[in-house]
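K.L.:
Residue numbers (the numbering used here): 4 to 199. C-beta atoms are modelled at their ideal positions from N, C-alpha and C, and glycine is treated no differently. After the structure tokens below, expect a handful of questions from me.
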């Protein structure tokens, strides 16, 4: 919904009010994990239920939980965003899955569900590249979870990695300096006969 320009300032100001921030903090402390957990449980039940009826090649591989619930930043007004990963990348399972999810999600249920209108193929590269902001993989198959999940933060370097990196830096710097010194000497020597 759009706001009239004269109401925009009041809306922004109200979102920064301490009551609003306290409501968000309370939601995250008391409800966020419960909503996310019950959603994931219902999603798993729904995937299993629907996969029992779908032919091979059309089954749901995983559900990708996106947005504020995936990154732990939900508010009382947040919806649950998700996208399906299907064996063939077809969106055919989205509508029946959403029906099963609405039926199976009974605890801590939100009325606001946003399913993407298309599905993704089971390609780790496609999934990772599609959601750089972060996501959670929900699947009854632990192999699918492992294949489609990635850490956004690189692993901290080990001591040996840092020593190797420093040694390479020193060697490369010395090599570049030696090359330039050699080039300078070569040029100076080539000009020496002309100076006499």
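Taking the straight line between their C-alpha atoms, what separation do you get for residue 188 and residue 180?
P.N.:
Distance between the alpha carbons of residue 188 and residue 180 is about 12 Å.
K.L.:
Which of the three DSSP states is assigned to residue 116 in this structure?
P.N.:
Strand at residue 116.
K.L.:
Reducing DSSP to helix, strand and coil, say where residue 176 ends up.
P.N.:
Residue 176: helix per DSSP, three-state reduction.
K.L.:
Can you tell which of 10, 96 and 67 has the C-alpha that lies nearest to the C-alpha of residue 147?
P.N.:
It is 67 whose Cα lies nearest to the Cα of residue 147.
K.L.:
Would you mind giving the Cβ-Cβ distance between residue 94 and residue 121, rounded to the nearest angstrom? I have them listed as a contact below 8 Å.
P.N.:
With a Cβ gap of about 5 Å, residue 94 and residue 121 count as contacting.
K.L.:
Tell me, please, which residues DSSP counts as bridged to residue 86.
P.N.:
Beta-bridge pairing links residue 86 to 67.
K.L.:
So is residue 76 buried or exposed if we call it buried at 16+ other beta carbons inside 10 Å?
P.N.:
Label assigned to residue 76: exposed.
K.L.:
Between the segment 109-119 and the segment 78-87, do three or more beta carbon pairs fall short of 8 Å?
P.N.:
Taking 8 Å as the limit for Cβ pairs, the verdict is that the segment 78-87 does touch the segment 109-119.
K.L.:
CA-CA distance, residue 42 and residue 108?
P.N.:
Spanning the two alpha carbons is a distance of roughly 6 Å.
K.L.:
Run through DSSP, which three-state label would residue 123 get?
P.N.:
In the structure shown, residue 123 sits in a strand (DSSP, three-state: E or B).
K.L.:
Beta-carbon separation of residue 37 and residue 79 under 8 Å?
P.N.:
No, they are not a contact pair.
K.L.:
Below 8 Å on the Cβ atoms is my contact criterion, and I expect residue 96 with residue 151 to pass it. Report the Cβ-Cβ distance as a whole number of Å.
P.N.:
With 8 Å as the limit, residue 96 and residue 151 do not qualify as a contact, their Cβ atoms being about 17 Å apart.
K.L.:
Leaving aside the five residues before and after residue 92 along the sequence, list all residues of the same chain whose C-beta is less than 7 Å from its C-beta, in chain order.
P.N.:
Answer for residue 92: 122, 123 and 124, listed in chain order.
K.L.:
Please tell me whether residue 44 and residue 138 are closer than 8 Å, where the distance is taken between their beta carbons.
P.N.:
Going by C-beta atoms, residue 44 is not nearer than 8 Å to residue 138.
K.L.:
Among 128, 141 and 89, which has the Cα closest to the Cα of residue 59?
P.N.:
Among 128, 141 and 89, the Cα nearest to that of residue 59 belongs to 89.
K.L.:
Taking Cβ to Cβ, would you say residue 141 is nearer than 8 Å to residue 65?
P.N.:
It is a contact, given that the beta carbons lie within the stated cut-off.
K.L.:
Would you mind reading off the limits of the alpha helix (DSSP H) that contains residue 107?
P.N.:
Its alpha helix (DSSP H) spans residues 97-107.
K.L.:
Per DSSP, what are the beta-bridge partners of residue 38 in this structure?
P.N.:
Beta-bridge pairing links residue 38 to no other residue.
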